[in-house]
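For the sequence shown, the working numbering gives the first residue as 29, with consecutive numbering after it. Glycine residues also receive a C-beta, built at the ideal position from the N, C-alpha and C atoms.
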Amino acid sequence: AYDFSEGLAIVQVGGRRGFIDKSGTYRIRPQFGEVRDFKDGLAAVKVDGLWGYVGQNGSWVIEPGFEYASDFSGSLAAVKVTGSAGKWGYIDKTGNFVIEPRFEAANPFFDGLGEVQIGSKWGYVHAAGTVVIPPRFDMEGGFFEGLAMVKIGDKWGFISKKGDIAIKALFDNGVGGFNEGLSTVTVGGKGGYIDTAGRYVVAPRFESAGYFAHGLAAVEIRGKWGYIDRTGKVVIEPRFDGANAFPADDSP
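Below you can see the structure in the form of structure tokens.
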């Protein structure tokens with residue numbers, strides 16, 4: 029099952045994907061090989077090996093023509109052009125390039141900055157395409173609540189929007205972005221939570237840990253999933269084989 033996004037959810041029938049509304053009615057009948065959630069009013073869909081974008085009525089807004097297409101965020105979407113060059117850039121909702129394809133890879137904008145790969149390293153650009161944080165990180169994530177996770181060597185930490193180290197790179201794989209003031213971190217194979225100052229709020233002790241939404245986070249304990257509150261107290265006992273975060277919006 030897929031979560032609702034902007035009032036619609038992805039469904040799959042016979043290997044084809046489309047969208048339903050909350051009454052279960054088809055808004056866009058299953059016809060696409062691959063689709064992404066609606067973001068900023070558009071959904072990326074793949075037809076005959078190329079990606080384009082449709083509106084909520086299923087009509088093409090941007091015709092298929094990209095090797096890959098990300099979600100829209102901040103009215104821009106990262107796309108990969110076809111051909112041997114295979115560079116990434118950013119388009120607006122008319123399909124025109126706002127930032128010309130010149131990157132080895134690119135991810136959506138968050139908090140006004142987009143992640144781009146130049147050579148073998150990652151940095152950040154703003155919406156005009158100017159590099160504002162030079163590429164010096166091995167891997168990175170988007171900015172959430174003013175901080176972005178970055179990989180330096182084999183550890184993860186966080187930087188500010190100025191590119192300064194805000195939280196030292198002390199964590200293993202499994203770091204997440206900040207949500208509701210807390211981020212998941214992994215140390216020694218166990219997941220816990222830190223605040224924006226890098227202080228532990230919930231010590232690492234979970235096999236897996238999801239992000240907080242509505243004051244609760246899904247965690248795995250001895251092979252089962254339940255939910256904790258911001259103090260680390262279990263409020264829904266672990267009895268599920270899997271669990272997702274409570275949706276921030278689009279509640280049924």
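- Here Glu173 carries a coil assignment [DSSP, helix/strand/coil].
- Per DSSP, the unbroken beta strand (DSSP E) holding Asn135 starts and ends at Ala133 to Phe138.
- Judged by DSSP secondary structure, Leu70 falls outside any beta strand (DSSP E); it is assigned neither H nor E.
- Restricting attention to Met177, Gln84, Gly43 and Phe274, the CA atom closest to the CA of Leu198 is found in Met177.
- Of the residues Asp49, Thr214, Lys50 and Glu62, the one whose Cα lies closest to the Cα of Gln40 is Glu62.
- Taking a contact as a CB-CB distance under 8 Å, the pair Ile264 and Gly254 counts as one, their CB atoms being some 5 Å apart.
- Under the three-state reduction of DSSP output, Ser103 falls in the coil class, being neither helix nor strand.
- Judged by their CB atoms, Pro58 and Gly69 are not nearer to each other than the 9 Å cut-off.
- Counting of Cβ neighbours within 10 angstroms places Gly111 among the exposed residues, the total staying below 16.
- Look at Gln59 here: in three-state DSSP terms it is strand.
- Between the alpha carbons of Phe268 and Gln145 lies a gap of roughly 38 Å.
- Runs of the beta strand (DSSP E) lying entirely within the stretch 153 to 238 and spanning at least 3 residues, in chain order: 159 to 165, 167 to 172, 175 to 180, 183 to 187, 193 to 199, 210 to 215, 218 to 223 and 228 to 234.
- Bridge partners of Gln145 according to DSSP: Ala133 and Trp150.
- Each residue's CA atom was taken as its position, placing Gly93 and Gly77 some 9 Å apart.
- Contact annotation, Val126 with Ile119: C-beta distance approximately 7 Å; criterion of less than 8 Å satisfied.
- Going by beta carbons, Val229 and Ala237 fall outside the 9 Å limit.
- Your pair Phe172 and Phe138 checks out as a contact, with CB atoms roughly 6 Å apart and the cut at 8 Å.
- For Ala245, the enclosing beta strand (DSSP E) covers residues Leu244 to Ile249.
- Of Tyr239, Thr122, Gly117 and Tyr152, the smallest CA-CA separation from Pro129 is found for Gly117.
- Considering only Glu132, Leu104 and Phe131, the residue with the shortest C-alpha distance to Gly123 is Leu104.
- Close CB contacts of Lys183 within its chain, under the 8 Å cut and outside five residues either way in sequence, are with Ala197, Leu198, Phe199 and Asp200 (chain order).
- Rounded to the nearest angstrom, the Cβ distance from Gly169 to Gly205 is 6 Å, consistent with a contact under 8 Å.
- In this chain, the beta strand (DSSP E) harbouring Pro266 covers Val262 to Phe268.
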